[in-house]
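Chains as they are written, first to last, in the numbering used here: chain L, 104 to 218; chain C, 9 to 118. For reference, the structure is listed below as structure tokens.
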């Protein structure tokens with residue numbers, strides 16, 4: 104079975120531009136989460152979606168938004184890019200195991216560079 | 009106080025030794041605990057999950073959880089050079105989010 108896929112792999116944008124990152128979860132997984140990882144740090148939670156509903160949001164500005172589609176794929180949008188948005192953006196999919204939480208499986212990530 | 013704390017390392021162990029990686033967390037309501045391995049330039053890979061106090065073994069890996077002490081650890085037996093990576097501890101509270109530590113870099117010396 105295919106794992107989590109993300110596109111594009113790499114992206115270079117200029118300050119002030121907008122970017123859309125895409126993610127397809129593992130077949131059968133209905134939950135998708137987005138993380139930002141800068142060098143030397145652990146992934147930072149941005150959003151979680153389950154069944155097209157936002158279930159959680161991290162401490163990121165409103166320039167960051169996301170959505171989940173009926174086929175459970177997801178997009179992360181970032182407006183008005185800043186140099187500090189340069190990072191590895193990770194998508195993770197999971198089954199929902201209720202209060203036991205969930206094991207997340209990460210895609211290969213999108214490396215975003217803002218110049 | 010950080011929500012999830014790990015020693016950044018590097019932790020150096022000789023090949024064949026036991027590597028012990030530690031993690032503490034601040035929220036007593038935490039319910040699920042995960043260890044991920046991340047090679048340089050790659051995305052995190054799930055190694056172990058643990059949900060109740062005690063030990064959980066999977067091959068050369070053992071996860072240990074002590075909720076009273078708010079402490080979770082990962083033991084790697086018979087460490088191999090291919091185990092050299094950054095190990096991320098992650099903690100989940102309910103549905104909303106998983107919080108990661110900054111990771112411990114492990115170096116296994118041949």
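A virtual CB, placed ideally from N, CA and C, is assigned to each residue, including glycine.
Name the residue from L:106, L:110, L:109, L:115 whose alpha carbon lies nearest to the alpha carbon of residue 185 of chain L. In this structure, L:115 is the residue among L:106, L:110, L:109, L:115 with its C-alpha nearest to the C-alpha of residue 185 of chain L.
From this set, C:19, C:18, C:40, which residue's C-alpha is nearest residue 72 of chain C's C-alpha? Relative to the Cα of residue 72 of chain C, the nearest Cα in the group C:19, C:18, C:40 belongs to C:40.
Just to confirm before moving on: does the CB-CB distance between residue 96 of chain C and residue 44 of chain C stay below 7 Å? Yes. Within cutoff.
Alpha-carbon to alpha-carbon, residue 180 of chain L and residue 21 of chain C: Their backbone Cα atoms lie some 42 Å apart in a straight line.
What's the call for residue 100 of chain C, buried or exposed, on a 16-neighbour Cβ count within 10 Å? Looking at its Cβ environment, which holds 16 or more other Cβ atoms inside 10 Å, residue 100 of chain C is buried.
Specify the secondary structure class of residue 63 of chain C as computed by DSSP and reduced to three states. Here DSSP, grouped into helix, strand and coil, assigns residue 63 of chain C to strand.
Of all the options L:188, L:178, L:141, L:183, which has the alpha carbon lying nearest to the alpha carbon of residue 127 of chain L? Taking residue 127 of chain L as reference, the option from L:188, L:178, L:141, L:183 with the minimal CA-CA separation is L:178.
Within 7 Å, strictly: CB atoms of residue 55 of chain C and residue 68 of chain C: Contact check for residue 55 of chain C against residue 68 of chain C fails: the beta carbons are separated by 7 Å or more.
Going by the CB atoms, is the gap between residue 217 of chain L and residue 176 of chain L shorter than 7 Å? No, Cβ-Cβ distance for residue 176 of chain L and residue 217 of chain L is not below 7 Å.
Taking C-beta pairs closer than 7 Å, name the residues in chain B that residue 119 of chain L reaches, listed in chain order. The structure shown contains no chain B; its protein chains are L and C.
Residue 132 of chain L burial status per 10 Å Cβ neighbour count (16 or more: buried): So residue 132 of chain L ends up on the buried side.
Establish whether the CB of residue 215 of chain L and some CB of chain C are separated by less than 7 Å. For residue 215 of chain L, no CB of chain C lies under 7 Å from its own CB, so it is not counted at the interface with that chain.
At a CB distance below 7 Å, what residues from the stretch 145 to 168 of chain L approach chain C? Give them in sequence order. The residues in question are 145, 146, 148, 151, 158, 159, 161.
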